[in-house]
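**Student:** To convert a position in the sequence shown, counted from 1, into this note's numbering, add 445.
Think of the CB as a built atom: it goes at the ideal place given N, C-alpha and C, for glycine as much as any other residue.
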Amino acid sequence: TFLKGLTVILPIGVTAYIIYWLAVSAESLLGGLLRPVLPGGWYVPGTGIVAGLALIFGVGTLMGLWVFQKLFHWAEILVEKIPLIKSLYGGVKDLMSFFSTSQKDGSHRVVMVTVAENVRLLGFITRDDFSDLPEGFGSEGEVSVYLPMSYQIGGFTVVVPRSAVKPIDMSTEEAMRLAMTAGLSTEKQAEHLPKVEATVPEKDTQSEIVEDE
């Protein structure tokens, strides 16, 4: 009974805490900028949160215009000339692009990678063209696959033959959730995964390993 209650309360509590932390951070940052600007009495608690949401939606709307796309492109060129900043900015941008574009163009397909007999790892194809990378990084017929690690933010990238991967009909969000929880998923998510039959001496069993160590 205690574990059942914990199973219900813990995800809600963690999610609520993250939302609370984001809200407090937005209020603290943007609120501090708005207080000196707004006339006395105009600022009320929560104004920073509303301003943050409005800023995000506003930037998203403006980026649909050609003029702002060009301005943003020029700003990126300047950022990429700053040694440390360009590395941080590029990493965050690539991470966001990974999730925002994967479902639109299918470039980051969810796959199961065969690493040994009856052992497969859940991953995402991130690249199948190595022409712009140093020689020896990858070759024709190979793909790079990102393998997320369970119960933590992290993972590693492997280059494997295309024949070693099997596409899975699953969204990036579902696959990431499945990997992050070490396979503890809903029935809807589990339906996408193929079953792997393994034969063990003196006992028959079925196993599906979706884990990163």
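1. Please classify L478 as buried or exposed, where buried requires at least 16 other C-beta atoms within 10 Å of its C-beta.
2. State the start and end residues of the unbroken alpha helix (DSSP H) segment that holds E562.
3. Indicate the three-state DSSP secondary structure (helix, strand or coil) for G600 in the structure shown.
4. Does any heavy atom of the ligand HEM sit closer than 7 angstroms to the C-beta of V558?
5. Just mark S584 as buried or exposed, buried being the case when its beta carbon has 16 or more other beta carbons within 10 Å.
6. How do the stretch 518 to 537 and the stretch 485 to 505 stand: do at least 3 beta-carbon pairs fall below 8 angstroms, yes or no?
7. Report the rounded CA-to-CA distance for V556 versus F582, giving the unit in angstroms.
8. Determine, using beta carbons only, whether F569 and A609 come nearer to each other than 8 angstroms.
9. Where D614 and V558 are concerned, what is the direct C-alpha to C-alpha distance, given to the nearest angstrom?
10. So, G600 versus P593, is the Cβ gap smaller than 8 angstroms?
11. How big is the Cα-Cα spacing for L510 and E618?
12. Just how far apart, CA to CA, sit E472 and T492?
13. Determine the extent of the beta strand (DSSP E) in which L451 is found, giving its start and end residues.
**Tutor:** In brief:
1. Along the sequence shown, one-based indexing puts residue 478 at 33. That one is exposed.
2. On the sequence shown, residue 562 is found 117 positions in, with the first residue counted as 1. Unbroken run through E562: none, as it is neither H nor E.
3. What you label residue 600 is simply residue 155 of the sequence shown in a count that begins at 1. Strand.
4. For the ligand HEM, the structure offers nothing, since it holds no ligand at all.
5. Indexing the sequence shown from 1 puts residue 584 at position 139. The residue is exposed, with fewer than 16 neighbouring Cβ atoms inside 10 Å.
6. no
7. By one-based count along the sequence shown, residue 556 stands at place 111. By one-based count along the sequence shown, residue 582 stands at place 137. Distance between the alpha carbons of V556 and F582 is about 21 angstroms.
8. Taking the sequence shown and counting its residues from 1, one reaches residue 569 at position 124. Taking the sequence shown and counting its residues from 1, one reaches residue 609 at position 164. Not a contact, by the Cβ cut-off of 8 angstroms.
9. For the purposes of this step, residue 614 is taken as residue 169 along the sequence shown, with counting starting at 1. For the purposes of this step, residue 558 is taken as residue 113 along the sequence shown, with counting starting at 1. Each residue's Cα considered, the two are about 14 angstroms apart.
10. Taking the sequence shown and counting its residues from 1, one reaches residue 600 at position 155. Taking the sequence shown and counting its residues from 1, one reaches residue 593 at position 148. The answer is yes: Cβ separation under 8 angstroms.
11. If you number the sequence shown from 1, residue 510 lands on position 65. If you number the sequence shown from 1, residue 618 lands on position 173. Cα to Cα, the separation comes out at about 29 angstroms.
12. Locating residue 472 in the sequence shown gives position 27, counting from the first residue. Locating residue 492 in the sequence shown gives position 47, counting from the first residue. For E472 and T492, the distance between alpha carbons rounds to 7 angstroms.
13. As a first step, residue 451 must be located in the sequence shown, where it is residue number 6. No beta strand (DSSP E) holds L451; the alpha helix (DSSP H) holding it covers F447 to L479.
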